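First up is the structure itself, then whatever we jot down about it.
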Amino acid sequence: MLPDICLSSEYLEENRWLVDQNERLNAFLEFQSLMIATGNLLLENNRAIFHGAALLWKEKAWIITAPSGIGKTTQLKLWRNILKNNLKIINGDKPVLEYRNDETIWVYSSPWRGKEKYGIRDLCAPLGGIILLEQGKENQIIRVTSKEAALSLFVEFVSYPENSNQISHQGIILDKLLGTTPVWKLINLGDEDSANLTISTIEDYLKTEL
Amino acid sequence: MNKMRVNSGIILLEIHGCYLLVADKEARKKCTFVRQISEIGAFVWRLLEEGKNIEEILDIVKEQYDVPESANLKKDIAKYLNLLIEQNYIIE
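In structure tokens:
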């Protein structure tokens, strides 16, 4: 029986861009390459690895996403300081999304938890919303439309789809996600006020959902 | 412009009114992974997928979008197609 994923030496070399060019340890390259290969395979099973910090609060998962270096981990730490025991971290870097038959999206942890290894194994929750992070000169949060969010979210899927089937599945998962999930853009200073602004915005949103 | 055909490794996705051209593994050797295009750009792409030439595309777009005669439609479409050719989304 053949394995679902096989990391050949050629595949590893193709993915060498994933690691620092000075990184000579193949173990880390294998770890990152396995992430991409898993991400591609999951697409065909209504799942996806997504780049963001996934936080569990009020029984829902809230994902903060942005390209690397914009401040996701800073926001994660701020939320943790503010919410304390009311917050759990599902995954600090690359949670897994699942689109279920009942049209809900669920968020799970994964082995890829980032440098600080934030995340609790086996923790999962239904997706409550997504926060797109940007750096700015003042704190501001706005609700964005699905159309406005689509490209920014598409590029945060952790996959490099190999064929049209995988690409179509990524599109379908994102389409279903945007059909059910609010997305906000947070332009922020990376301070406690920005985290409080996001938390109070979500609280207001949850009141309208009741 | 010679006969055109779309790069077979490029997939057009429509996600809540946002149109993306996405390259598969083979196409990514020469194209960027994803680029966003407009609604009309996506409409033109679909005509290219059907094998339409530039004259046919112009006629269909003019009719579909009720474009006035004074508009620079031919110039705009030619510019868009040239960009797609330069970036290997279309093969001549």
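Sequences listed follow chains A and B, in order.
Numbering-wise (my numbering), the first sequence opens with residue 996 and increments by one.
Numbering-wise (my numbering), the second sequence opens with residue 149 and increments by one.
Beta carbons: idealized from backbone N, C-alpha and C, even for Gly.
All values derive from a computational prediction rather than experimental measurement.
Using a threshold of 7 Å, state whether the C-beta atoms of residue i and residue j are closer than that.
{"i": "residue 1094 of chain A", "j": "residue 1171 of chain A", "result": "yes"}
{"i": "residue 1133 of chain A", "j": "residue 1045 of chain A", "result": "no"}
{"i": "residue 1118 of chain A", "j": "residue 1181 of chain A", "result": "no"}
{"i": "residue 1030 of chain A", "j": "residue 1107 of chain A", "result": "yes"}
{"i": "residue 1101 of chain A", "j": "residue 1136 of chain A", "result": "no"}
{"i": "residue 1085 of chain A", "j": "residue 1049 of chain A", "result": "yes"}
{"i": "residue 1190 of chain A", "j": "residue 1027 of chain A", "result": "no"}
{"i": "residue 199 of chain B", "j": "residue 175 of chain B", "result": "no"}
{"i": "residue 1142 of chain A", "j": "residue 166 of chain B", "result": "yes"}
{"i": "residue 196 of chain B", "j": "residue 182 of chain B", "result": "no"}
{"i": "residue 1055 of chain A", "j": "residue 1121 of chain A", "result": "yes"}
{"i": "residue 1047 of chain A", "j": "residue 1153 of chain A", "result": "no"}
{"i": "residue 172 of chain B", "j": "residue 1158 of chain A", "result": "yes"}
{"i": "residue 228 of chain B", "j": "residue 155 of chain B", "result": "no"}
{"i": "residue 1007 of chain A", "j": "residue 1024 of chain A", "result": "yes"}
Pop quiz: residue i and residue j are said to be a contact at Cβ under 8 Å. What is the actual Cβ separation, rounded to whole angstroms?
{"i": "residue 1082 of chain A", "j": "residue 1052 of chain A", "result": "5 Å"}
{"i": "residue 1090 of chain A", "j": "residue 1124 of chain A", "result": "Rounded, the Cβ-Cβ distance is 14 Å, inconsistent with contact."}
{"i": "residue 1005 of chain A", "j": "residue 1077 of chain A", "result": "So it is not a contact: roughly 47 Å between Cβ atoms."}
{"i": "residue 1065 of chain A", "j": "residue 1126 of chain A", "result": "About 11 Å separates the two Cβ atoms, so there is no contact after all."}
{"i": "residue 1131 of chain A", "j": "residue 1183 of chain A", "result": "6 Å"}
Which residue comes first and which comes last in the alpha helix (DSSP H) that contains residue i?
{"i": "residue 1099 of chain A", "result": "Per DSSP, residue 1099 of chain A belongs to no alpha helix (DSSP H) and is neither H nor E."}
{"i": "residue 1027 of chain A", "result": "1021 to 1038"}
{"i": "residue 1086 of chain A", "result": "Element bounds for residue 1086 of chain A: not the alpha helix (DSSP H) but the beta strand (DSSP E), 1083 to 1086."}
{"i": "residue 1174 of chain A", "result": "1159 to 1175"}
{"i": "residue 1130 of chain A", "result": "Note, residue 1130 of chain A: premise wrong, no alpha helix (DSSP H); beta strand (DSSP E) at 1119 to 1130."}
{"i": "residue 1050 of chain A", "result": "Residue 1050 of chain A -> not in any alpha helix (DSSP H); beta strand (DSSP E) instead, spanning 1048 to 1052."}
{"i": "residue 226 of chain B", "result": "221 to 234"}
{"i": "residue 1104 of chain A", "result": "Residue 1104 of chain A -> no alpha helix (DSSP H), and no H or E assigned at all."}
{"i": "residue 1004 of chain A", "result": "1004 to 1009"}
{"i": "residue 1204 of chain A", "result": "1187 to 1204"}
{"i": "residue 207 of chain B", "result": "202 to 213"}
{"i": "residue 1075 of chain A", "result": "1067 to 1078"}
Work out the CA separation of residue j and residue i for me, nearest whole Å.
{"i": "residue 223 of chain B", "j": "residue 1144 of chain A", "result": "31 Å"}
{"i": "residue 1111 of chain A", "j": "residue 1072 of chain A", "result": "11 Å"}
{"i": "residue 1075 of chain A", "j": "residue 1195 of chain A", "result": "15 Å"}
{"i": "residue 239 of chain B", "j": "residue 192 of chain B", "result": "15 Å"}
{"i": "residue 1114 of chain A", "j": "residue 1088 of chain A", "result": "9 Å"}
{"i": "residue 1037 of chain A", "j": "residue 1043 of chain A", "result": "6 Å"}
{"i": "residue 1185 of chain A", "j": "residue 1198 of chain A", "result": "20 Å"}
{"i": "residue 185 of chain B", "j": "residue 205 of chain B", "result": "17 Å"}
{"i": "residue 113 of chain B", "j": "residue 220 of chain B", "result": "This structure does not reach residue 113 of chain B, given that chain B is present from 149 up to 240, and the question cannot be answered."}
{"i": "residue 1149 of chain A", "j": "residue 1010 of chain A", "result": "20 Å"}
{"i": "residue 1032 of chain A", "j": "residue 216 of chain B", "result": "50 Å"}
{"i": "residue 187 of chain B", "j": "residue 1080 of chain A", "result": "47 Å"}
{"i": "residue 194 of chain B", "j": "residue 1022 of chain A", "result": "44 Å"}
{"i": "residue 213 of chain B", "j": "residue 207 of chain B", "result": "10 Å"}
{"i": "residue 1096 of chain A", "j": "residue 1068 of chain A", "result": "32 Å"}
{"i": "residue 1174 of chain A", "j": "residue 1116 of chain A", "result": "28 Å"}
{"i": "residue 1232 of chain A", "j": "residue 211 of chain B", "result": "A question about residue 1232 of chain A goes unanswered here, because the residues of chain A that appear run from 996 up to 1205."}
{"i": "residue 1099 of chain A", "j": "residue 1167 of chain A", "result": "13 Å"}
{"i": "residue 189 of chain B", "j": "residue 998 of chain A", "result": "41 Å"}
{"i": "residue 1016 of chain A", "j": "residue 235 of chain B", "result": "28 Å"}
{"i": "residue 209 of chain B", "j": "residue 225 of chain B", "result": "9 Å"}
{"i": "residue 1203 of chain A", "j": "residue 1140 of chain A", "result": "18 Å"}
{"i": "residue 231 of chain B", "j": "residue 177 of chain B", "result": "17 Å"}
{"i": "residue 1275 of chain A", "j": "residue 151 of chain B", "result": "The structure shown does not extend to residue 1275 of chain A, since chain A is modelled only from 996 through 1205, so no value can be given for it."}
{"i": "residue 1200 of chain A", "j": "residue 1000 of chain A", "result": "41 Å"}
May I ask which residues mark the beginning and end of the beta strand (DSSP E) holding residue i?
{"i": "residue 1094 of chain A", "result": "1091 to 1094"}
{"i": "residue 167 of chain B", "result": "166 to 171"}
{"i": "residue 160 of chain B", "result": "158 to 163"}
{"i": "residue 1060 of chain A", "result": "1055 to 1060"}
{"i": "residue 185 of chain B", "result": "182 to 185"}
{"i": "residue 1182 of chain A", "result": "1178 to 1183"}
{"i": "residue 1043 of chain A", "result": "1042 to 1044"}
{"i": "residue 1139 of chain A", "result": "1135 to 1139"}
{"i": "residue 997 of chain A", "result": "Unbroken run through residue 997 of chain A: none, as it is neither H nor E."}
Verify the CB distance criterion: does residue i have a CB-CB separation below 7 Å to chain D?
{"i": "residue 1166 of chain A", "result": "You won't find chain D in this structure, because its protein chains are A and B."}
Is it true that the stretch 1157 to 1176 of chain A meets the stretch 151 to 161 of chain B, where meeting means three or more beta-carbon pairs spaced less than 8 Å apart? Yes, the stretch 1157 to 1176 of chain A is in contact with the stretch 151 to 161 of chain B.
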